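This report refers to the structure that appears directly beneath it.
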Amino acid sequence: MKIAVIGTGYVGLVTGVALSEVGHSVTCIDVDPSKVEKLSQGIPTIYEPGLEELIKKNIVEHRLSFTADHKTGLKDAEVVYIAVGTPQRKDGSANLDYVEQAARDIAVNIDKNIVVVIKSTVPVGTNFHIRDIINQNTKNGIHVKIASNPEFLREGSAVKDTFHGDRIVIGSEDEVAGDILEAINKPFNMPIVRTDISSAEMIKYSSNAFLATKISFINEIANICESLGANVEEVAKGMGFDHRIGPDFLKAGIGYGGSCFPKDTNALVQLAGNAHHEFNLLKSVIEVNNHQQTLLLNKILSRFGSIKGKRVAVLGLAFKPHTDDLRESPALVMIPKLAELGADIVAYDPIAVSNARKQIDVSIKYTEDLNEALKKADFTVIITDWPAVKKIDLSLFSKLMRSAVVFDGRNCYSLDAVRKSSIEYYSIGRPDHTPELIG
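Here's what the structure looks like:
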């Protein structure tokens, strides 16, 4: 099938590439000519494992192309996906400016009836709103059918999730549009959930809000565990055996980040408010997460009192491993606070340094060399559980640092391993370890 995808961010690019991989002819459209030029050369504009190989493969096999011209990209398209960003406004609501512009671009450039699929995360009611914008601006009696097809991709494993996800949700009031979308997605061989448009829109927000709630819940349990001398990992393990709860998203740490959970939880609170419902539970989830992101700072100050002039190694800048995305990363909260308190900061990340330079406006040193970050540090703060960080020989902290004091925001190391080392170690929801307790 001939498909156009508007937007080449995480969702749009992965969607377009995956659709071409299963045999469709796909043209991805982006308003940024520099992005289009790179992508046309097979150079991905985001970091996502496995994506570059698929881009190059499908360009060579003539199933995938890129353009900055809407008329060219929409020519002969039977189905058009809208996969542009819906960033958060100051009040927490979703900004639909890019989605609305995409709708207007579709309307003035199509010459036949088509199906428009909204892939972007949008508030309930947006699909109908976008359908009306398009139909009001088309010429010669052209009308579009609309369908909702929310994404459930995790950054860092988006390619894997596209081909091995849990389900595909299709929301449509038109049976023909729903059937077309189901046929497009059939090669992915995943369970397909057919529902109405409003429910499909709500499934996306509800899924992310529930997962964010699990994270904030276990983080609150972690904080209680610290006060009572319990180990949150043992607690989570025992909870996870209950099939009604499950083990996923019960890993304590310094909070969630990224492009989805923070934005979608805030948007759902706004949606609820617009429907005259105070979503107090989700408000608490957001409050807990905001507090969690600065939890390590309190531990650091409790340990040192003042950190002025101390050299700190910050390990990890991205909000999670295997991505260069810093959106809502705890690093964006922690680093300015550490700098404000006078710390000399060296930050390590294997792939996110370039993005960090653009987003962190305090003076710090960056490195992609883990050892370089640790050299002569007075203490280490672990923000992102990169494999290189998790696999490090704990003796390296003692060998390279001025004083081997580690504040682990991701519980990277087993307490058994820590007890056999000479490091002073503080984690989340688990007993602290100091060298004088060894033996």
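Under this note's numbering, the first residue of the sequence shown carries the number 1346, and numbering increases by one thereafter.
Positions of the beta carbon are idealized from the N, C-alpha and C atoms, including for glycine.
On a predicted model such as this, the values are computed, not experimentally measured, just so you know.
Check, Outcome
"If we count the other Cβ atoms within 10 Å of its Cβ and call it buried at 16 or more, is glutamine 1386 buried or exposed?", "exposed"
"Taking 8 Å as the cut-off, decide whether the C-beta atoms of leucine 1384 and threonine 1360 are in contact.", "no"
"Please work out which residues of its chain come closer than 8 Å, Cβ to Cβ, to glutamate 1623, disregarding the five sequence neighbours upstream and downstream, and give them in chain order.", "Ala1617"
"Alpha carbon to alpha carbon, what distance is there between aspartate 1670 and asparagine 1700?", "7 Å"
"Determine which residues share a DSSP beta bridge with histidine 1778 and list them.", "Tyr1770"
"For aspartate 1609, does the count of other Cβ atoms within 10 angstroms reach 16, so buried, or fall short, so exposed?", "buried"
"Determine which residues share a DSSP beta bridge with arginine 1539 and list them.", "Ile1515"
"Considering only C-alpha positions, which residue in the set Gly1754, Lys1721 and Asp1723 is nearest to valine 1734?", "Gly1754"
"Kindly indicate the opening and closing residues of the beta strand (DSSP E) around alanine 1692.", "1689 to 1693"
"Just to confirm before moving on: does the CB-CB distance between alanine 1663 and valine 1691 stay below 8 Å?", "no"
"Could you give the distance in angstroms between the alpha-carbon of valine 1356 and the alpha-carbon of valine 1659?", "29 Å"
"Tyrosine 1495 and alanine 1545: beta carbons closer than 8 Å?", "Inspection of the sequence shows that residue 1495 is occupied by proline rather than by tyrosine. Yes, the Cβ-Cβ distance between proline 1495 and alanine 1545 is below 8 Å."
"Any idea which residues DSSP pairs isoleucine 1487 with across the strands?", "In the DSSP output, where bridge partners are listed per residue, isoleucine 1487 has none listed."
"At the level of alpha carbons, what is the spacing between alanine 1749 and glycine 1687?", "20 Å"
"Valine 1462 and valine 1424: beta carbons closer than 8 Å?", "yes"
"For my contact list, valine 1657 and valine 1763 are in at a C-beta cut-off of 8 Å; report their separation, rounded to the angstrom.", "About 19 Å; that fails the 8 Å criterion."
"Where leucine 1419 and valine 1376 are concerned, what is the direct C-alpha to C-alpha distance, given to the nearest angstrom?", "13 Å"
"Short check: CB of glutamine 1615 to CB of glycine 1470, under 8 Å?", "no"
"Kindly provide the ranges of any beta strand (DSSP E) runs that are 3 or more residues long and lie completely inside the region 1346 to 1428, ordered along the chain.", "1347 to 1351, 1370 to 1374, 1409 to 1412 and 1424 to 1427"
"Given a cut-off of 8 Å on the beta-carbon distance, is the pair phenylalanine 1787 and isoleucine 1645 in contact?", "Only positions 1346 to 1784 of the chain appear in this structure, which leaves residue 1787 out of reach."
"How many Å lie between arginine 1702 and isoleucine 1696 at the Cα?", "12 Å"
"Could you give the C-beta distance for isoleucine 1652 and alanine 1684, rounded to a whole number, given that I count them as a contact under 8 Å?", "Contact flag wrong, Cβ pair sits at about 10 Å."
"Could you check where the beta strand (DSSP E) with alanine 1507 kicks off and where it finishes?", "Before going on, a small fix: residue 1507 reads as threonine here, not alanine. Run containing threonine 1507: none in the beta strand (DSSP E); it sits in the alpha helix (DSSP H), 1503 to 1508."
"Measuring CA to CA, which of Leu1677, Ser1604 and Ser1743 is closest to proline 1432?", "Ser1604"
"In this structure, does DSSP put alanine 1658 in helix, strand or coil?", "strand"
"DSSP three-state label for alanine 1684, please.", "helix"
"Which residue's Cα is closest to the Cα of glutamate 1820: Leu1409, Asn1619, Arg1476 and Val1381?", "The structure shown does not extend to residue 1820, since the chain is modelled only from 1346 through 1784, so no value can be given for it."
"Is the beta carbon of alanine 1349 closer than 8 Å to that of threonine 1507?", "no"
"Whole-angstrom Cβ separation of alanine 1492 and leucine 1526, contact assumed at under 8 Å?", "5 Å"
"For lysine 1765, which residues in the same chain have their Cβ closer than 7 Å to its Cβ, ignoring the five residues on either side in sequence?", "none"
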